[in-house]
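A.B. asks: Have a look at this one before I ask anything.
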Amino acid sequence: MAHEKILVVEDEEEIRELIAYNLVKQGYRAIPAETGEDGLRRIRAEKPDLIVLDLMLPGVDGLEVCRTLKRDPATEAIPVVMLTAKGEESDIVAGLELGADDYLTKPFSPRVLLARIRAVLRRKAEEPRDEEEELRIHDLTIHPGRHEVSVKGKSVPLTATEFRVLHVLAQRPGWVFTRYQIANAVHGGDYVVTDRSVDVQIVGLRKKLDAAADYIETIRGVGYRFKE
Ligand code: CA
């Protein structure tokens, strides 16, 4: 059984209780918080293992809570799963760029939320991967040292930028990256890249990957993800 402490910041009582009920049923400890202020207090006092954070809160909203906790070295490593309403893609993008780990759009099923929570906790517990290590995923092999990619053993010629975009995504399958995060990871932050130029790289990559192109998933309005 899991014993991790999960903070649930949600002003809607029904949703908050539904989440807490399901967490407890799975063996987690659920800490409810009704407002952003209360959430921040609980984060500092309880040091939860994960935070389920509704973005639409009265007063201090979810994005502000996320910004505050990611700025504090004592709380920055705590993973965050955001809850958003439909059509809030810009908030999702903002939250991911602030350091949130995942998001769910309402309405969601408690089972899906639990699966996401488990996945985020698992990924956080995994050792950071050696960036130079050969990466095998699905039928792709990526050799960072040699800048080579092969699909089913057949070498695929990529440009240096395409290679880095693929490597960034494939290192964290299942994670959603915003275009800004991809551009940043590829160029080390000191290079201005537009959203559009990331899209152009993805188009090129998919064309060259051919049958393996489907591993790069488009998350509408948000960014891209490598299939888990
Ligand atoms: Ca709300």
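Under this note's numbering, the first residue of the sequence shown is numbered 3, with each subsequent residue one higher.
Just so you know, even glycine gets a beta-carbon here, dropped at the ideal spot from N, CA and C.
Everything numeric in this text was worked out from a predicted model, so none of it was measured.
Does DSSP classify residue 169 as helix, strand or coil?
C.D. replies: helix
A.B. asks: In its own chain, which residues sit with a C-beta less than 6 Å from the C-beta of residue 149, not counting the 5 before and 5 after it?
C.D. replies: 165
A.B. asks: From residue 87 to residue 13, what distance separates their C-alpha atoms?
C.D. replies: Annotation: residue 87 to residue 13 spans about 13 Å, alpha carbon to alpha carbon.
A.B. asks: Relative to ligand 1, what is the chain-ordered list of residues with a Cβ closer than 5 Å to any of its non-hydrogen atoms?
C.D. replies: After applying the 5 Å Cβ criterion, the set is 13, 56 and 58.
A.B. asks: Can you tell me whether residue 23 is buried or exposed? The criterion is at least 16 other CB atoms within 10 Å of its CB, across all chains shown.
C.D. replies: exposed
A.B. asks: So the alpha helix (DSSP H) residue 73 belongs to, where does it begin and stop?
C.D. replies: Following the DSSP letters along the chain, one finds residue 73 inside the alpha helix (DSSP H) bounded by residues 64-73.
A.B. asks: Can you give me the start and stop residues for the beta strand (DSSP E) that residue 105 sits inside?
C.D. replies: 104-107
A.B. asks: Tell me which residue opens and which closes the alpha helix (DSSP H) that residue 7 is part of.
C.D. replies: It is not in any alpha helix (DSSP H) - residue 7 instead sits in the beta strand (DSSP E) that spans 7-11.
A.B. asks: Leaving out five residues before and five after residue 222 in sequence, what residues of the same chain have Cβ atoms less than 8 Å from its Cβ?
C.D. replies: 91
A.B. asks: Span of the beta strand (DSSP E) holding residue 2?
C.D. replies: Because the chain is modelled from 3 through 230, residue 2 falls outside the range shown and cannot be assessed.
A.B. asks: How should residue 75 be labelled, buried or exposed, when 16 other C-beta atoms within 10 angstroms of its C-beta is the threshold for buried?
C.D. replies: exposed
A.B. asks: Would you grab the beta carbon distance between residue 188 and residue 167 for me? Rounded to a whole angstrom, and I think it's under 8 Å.
C.D. replies: 6 Å
A.B. asks: Since residue 172 contacts residue 137 with CB under 8 Å, what's their CB separation in whole angstroms?
C.D. replies: 6 Å
A.B. asks: Is the beta carbon of residue 57 closer than 8 Å to that of residue 63?
C.D. replies: Result yes, Cβ atoms of residue 63 and residue 57 sit closer than 8 Å.
A.B. asks: With a Cβ-Cβ cutoff of 8 Å, do residue 42 and residue 32 count as a contact?
C.D. replies: no
A.B. asks: Could you check what DSSP says for residue 36 in three-state terms: helix, strand or coil?
C.D. replies: coil
A.B. asks: Which residue's Cα is closest to the Cα of residue 98: 38, 217 and 85?
C.D. replies: 85
A.B. asks: Taking DSSP as the reference, what is the three-state secondary structure of residue 189?
C.D. replies: helix
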